[in-house]
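Reading through the structure tokens given below for one structure.
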Amino acid sequence: MRNPSDSHQLFEQLLGLVPPWSVTNVNLDTVNRLVEVDVEWSKGHEPECPECGRSCSIKDHREERRWRHLDTMQFQTIIRSRVPRSDCKEHGAKTINVPWAGPNSRFTLLFERLAIDVMIAAKSLKEAARLLGLSWDQVHHIQKRAVERGLERRKLDEIKHVGIDEKSFLKGHKYASLMTDIGGARVLDVVEGRTLEATDSLWQKLPEETRSGIDAVAMDMWDAFITSTKTNAPQADIVHDKFHISKYLGDAVDKVRRQEHRAFMKDDVETLKGAKYLFLKNPENMSDAETSRFNELRMDKLKSGRAWSMKEMFSEFWSYTYQASARKFFDRWYWWATHSRLKPMSDVAKLMRRHLDNILTYLRHHITNAMMEGFNSKIQSIKANARGFRNFANYRIAILFYCGKLELYPA
Ligand SMILES: [Zn+2]
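Using this note's numbering, the first residue of the sequence shown is number 1, and each one after it goes up by one.
Following this line, the structure appears as structure tokens:
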């Protein structure tokens, strides 16, 4: 640029500066590939007190601060300024707000926006940090501010159905409890542990008006979740959902199959060798080869086959409209399971009977925690990058960043 004032004007436009802010100097450092832009509050203008907005005189200027801005043609771009302090009669000396950055941020608003986009697109915070030329801590800090902003703006009215579920983290050493807004398909919050105290603190994250407006809560048959929900949202129906029940039934079938396979192998019978996946697969999704292998198993003669049929049969339960008919169906199914001489099936049937009232509620609300599965891959990748998440608070921030559907950008 021939005339230095051209470059000043250019940066004023790029930064959206309006008087009395102006660019006073642009320093191009070709060795370090750096552009430094000096911004000043012109003398003779009265700033506003950031607390009350009153026009004040200038008390003094802070020492020089630096903000990282979007790169200019691959040159890192830094804004430098000595920000004035207003001298308010009521609030005293206050550093005034700058238009290019949020309070206490070391990055401009546009840079924070870019960093958020990069974090959303990148596989990990480490990768985002590399792309942005920042440290892990700096990227994490931007993420944390974005989540805090999002939580402040978040609307919690009209939440009717929530889900409570556990997640293991740190390679399964520890548990976290999550609350999801089922209608809004978002994670509301995460706390460490899955005890009664942990679940209570999870509920307390929601304001009273939200808690008292909830109709139903989907959850596993887990005492801490049940007890805490009865205390914190006594009006809400508890729903032990299809998703969890199917998991219990699937695990029971798998137990029967493993026991039977072990017994067979003692006699060198290989009938069930490598058959695990067939039992886990939905028959509708089987290939022709898998279907014929499955049929050859002579399911009716196998304990695993009977257990599997019992599980398949139960899926009919979810299609009932009337609780009384569903209860009758359950009683028949229960008799079958408990007289099957298949202990894992009988055990899970007894567990379900104890909680039957709160399984029947599914027929009224039709809610499940299946949405959690959708978040799993994202949460999995957060876990895989757990190096920085030894601290639970960081893990929570990452989950809310990716799964909280928050408005993350600076205003
Ligand atoms: Zn003031």
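Cβ atoms here follow ideal geometry from the backbone N, Cα and C, with glycine treated the same way.
Small disclaimer: the values here were computed from a predicted structure and weren't measured.
Whole-angstrom C-beta distance between residue j and residue i, which should lie under 8 Å
i: residue 107; j: residue 68; result: 5 Å
i: residue 278; j: residue 290; result: 6 Å
i: residue 99; j: residue 41; result: Wrong, their Cβ atoms sit about 11 Å apart, outside the cutoff.
i: residue 262; j: residue 224; result: 34 Å between Cβ atoms; not a contact.
i: residue 48; j: residue 105; result: About 19 Å separates the two Cβ atoms, so there is no contact after all.
i: residue 323; j: residue 363; result: 6 Å
i: residue 80; j: residue 38; result: 5 Å
Residues that residue i bridges to, as DSSP identifies them
i: residue 180; result: 163 and 187
i: residue 88; result: 92
i: residue 219; result: 240
i: residue 29; result: 34
i: residue 323; result: None; residue 323 has no bridge partner.
i: residue 192; result: 176
i: residue 67; result: 79
i: residue 39; result: 23 and 81
i: residue 169; result: 174
i: residue 72; result: 75
i: residue 55; result: 48
Helix, strand or coil at residue i according to DSSP, with G and I counted as helix
i: residue 21; result: strand
i: residue 363; result: helix
i: residue 175; result: strand
i: residue 108; result: coil
i: residue 141; result: helix
i: residue 60; result: strand
i: residue 148; result: helix
i: residue 270; result: coil
i: residue 135; result: coil
i: residue 309; result: helix
i: residue 1; result: Summary for residue 1: the model assigns pLDDT 47, below 50, so the residue's position carries little reliability; its value from the coordinates is reported in the next sentence. In the structure shown, residue 1 sits in coil (DSSP, three-state: anything other than H, G, I, E or B).
i: residue 260; result: helix
i: residue 102; result: coil
i: residue 265; result: helix
i: residue 292; result: helix
i: residue 408; result: coil
Can you list the residues near ligand 1, meaning Cβ strictly closer than 6 Å to any non-hydrogen atom, in the order they appear in the chain?
Residues with a Cβ closer than 6 Å to any heavy atom of ligand 1, in chain order: 49, 51, 52, 54, 88, 90 and 91.
Self-check item: Inter-stretch contact (C-beta, 8 Å, three-pair minimum) for the stretch 161-170 and the stretch 179-187
Solution: Taking 8 Å as the limit for Cβ pairs, the verdict is that the stretch 179-187 does touch the stretch 161-170.
Just checking, does the stretch 310-320 make contact with the stretch 331-348 on the three C-beta pairs under 8 Å criterion?
-> When Cβ pairs closer than 8 Å are counted between the two stretches, the stretch 310-320 is seen to touch the stretch 331-348, the count reaching three or more.
Item to complete: Answer yes if the stretch 268-275 comes into contact with the stretch 397-409, meaning at least three C-beta pairs across the two stretches below 8 Å, and no otherwise.
Response: Short answer: they don't touch.
Could you tell me whether the stretch 89-105 touches the stretch 122-136, where touching means 3 or more Cβ pairs closer than 8 Å?
A contact between stretches requires three or more CB pairs, one per stretch, nearer than 8 Å, and the stretch 89-105 fails this requirement with the stretch 122-136.
Whether or not the stretch 141-149 and the stretch 195-202 are in contact is what I'm after, with contact meaning three or more pairs of Cβ atoms, one per stretch, closer than 8 Å; do they touch? By the Cβ test, the stretch 195-202 is not in contact with the stretch 141-149, since fewer than three Cβ pairs between them sit closer than 8 Å.
> Contact between the stretch 299-306 and the stretch 280-287: three or more CB pairs below 8 Å?
Replying inline: Verdict: no, contact absent.
*Does the count of Cβ pairs from the stretch 236-254 and the stretch 200-210 closer than 8 Å reach three?*
Counting C-beta pairs with one atom in each stretch, the stretch 236-254 and the stretch 200-210 have fewer than three that are closer than 8 Å, which means they do not touch.
Subject >> Three CB pairs or more closer than 8 Å across the stretch 231-244 and the stretch 361-377 >> reply: Enough Cβ pairs lie closer than 8 Å, so yes.
Open item on the list: With a threshold of 8 Å, are at least 3 pairs of Cβ atoms found where one atom belongs to the stretch 17-36 and the other to the stretch 59-79?
Closed with: Contact holds between the stretch 17-36 and the stretch 59-79, because three or more Cβ pairs, one in each stretch, are under 8 Å apart.
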